[in-house]
């Protein structure tokens, strides 16, 4: 089935279908992505924010494995592709798919099965899928910014991240203090990652659209010579 052949669902219908089916998944279901809507959201956010579009064939298998043998793969594919399309559009409107953060205990959210733990684990797995695109396209001067965003967005996947971060900086801050800091900055980190994706993607697209100069064309430097006899040398 091609992507264009799938009949799209509305955002609410697709999300409802995913939540219901994930809750009812049988023992035959499994996969690397946490089996919750938060895990799916984290994964798909990372995919959606790749600097250039990613074919569904590159990632959808990671999510189809979340549904048991009783679920029709065509229905699951329909829901996933529909949900991803809506999610991409909503991200452009700054409606990001993150858990409600009000009232959450930052340290508790690092525990397995918590909303932010699932989201961060999903994000890390999704980012692994698109990391080669980022590494190819992002300018060197922006790599530290990308690393900082990925650290914050994947922070709640494991308590080891806080310990390793603090140890590498010989910091006196306690892990729970860092967790509180990260959860307070989480929405901003999500927004900055989306903005960085747009910026890097625009630069990549502009390079693709640059006119190609043939060997026998006039040199773009304005010398009046042919390109092969001027700047190409």
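Numbering (my numbering), first residue to last: 285 to 517. We put the CB at the ideal spot given by N, CA and C, even for glycine.
If we count the other Cβ atoms within 10 Å of its Cβ and call it buried at 16 or more, is residue 358 buried or exposed? Burial state of residue 358 is exposed, judged by a 10 Å Cβ sphere holding fewer than 16 other Cβ atoms.
Quick check on residue 318: does DSSP put it in helix, strand or coil?
Look at residue 318 here: in three-state DSSP terms it is coil, with no helix or strand label.
Exercise for review: Can you tell me the Cβ-Cβ gap for residue 404 and residue 437, rounded? I've got them flagged as a contact below 8 Å.
Suggested key: With a Cβ gap of about 7 Å, residue 404 and residue 437 count as contacting.
Worksheet item: Excluding the five sequence neighbours on either side, which residues of its own chain have a C-beta within less than 7 Å of the C-beta of residue 302, listed in chain order?
Response: The residues 321, 324, 363, 367, in chain order, have a CB closer than 7 Å to that of residue 302 in the same chain once the five nearest residues on each side in sequence are set aside.
Item to complete: Determine the DSSP secondary structure at residue 509, reduced to helix, strand or coil.
Response: Reduced to three states, the DSSP call for residue 509 is coil.
Taking a contact to mean a Cβ-Cβ separation below 9 Å, would you say residue 261 touches residue 394 in this structure?
The structure shown does not extend to residue 261, since the chain spans only 285 to 517, so no value can be given for it.
| field | Reduced DSSP category for residue 443 - H, G, I as helix; E, B as strand; rest coil | value | Taken through DSSP and simplified to helix, strand or coil, residue 443 comes out as helix.
Item to complete: Kindly indicate which three-state DSSP category residue 502 falls into: helix, strand or coil?
Response: Here residue 502 sits in strand by DSSP.
- Message: What does the alpha-carbon distance come out to for the pair residue 461 and residue 467?
- Response: Between residue 461 and residue 467, the C-alpha separation is close to 10 Å.
Review point. Who are the near neighbours of residue 502 in its chain, counting only those whose CB is closer than 8 Å to its CB and skipping five residues on each side?
Key: Setting aside the 5 residues that flank it on each side, residue 502 is surrounded in the same chain by 508, 509, 510, 511, each with a C-beta closer than 8 Å to its C-beta; the list follows chain order.
(request) Using three-state DSSP, classify residue 470 as helix, strand or coil. (result) In this structure, residue 470 counts as helix in the three-state DSSP scheme.
_Contact check, residue 352 vs residue 308, beta carbons under 9 Å_ = Contact check for residue 352 against residue 308 passes: the beta carbons are separated by less than 9 Å.
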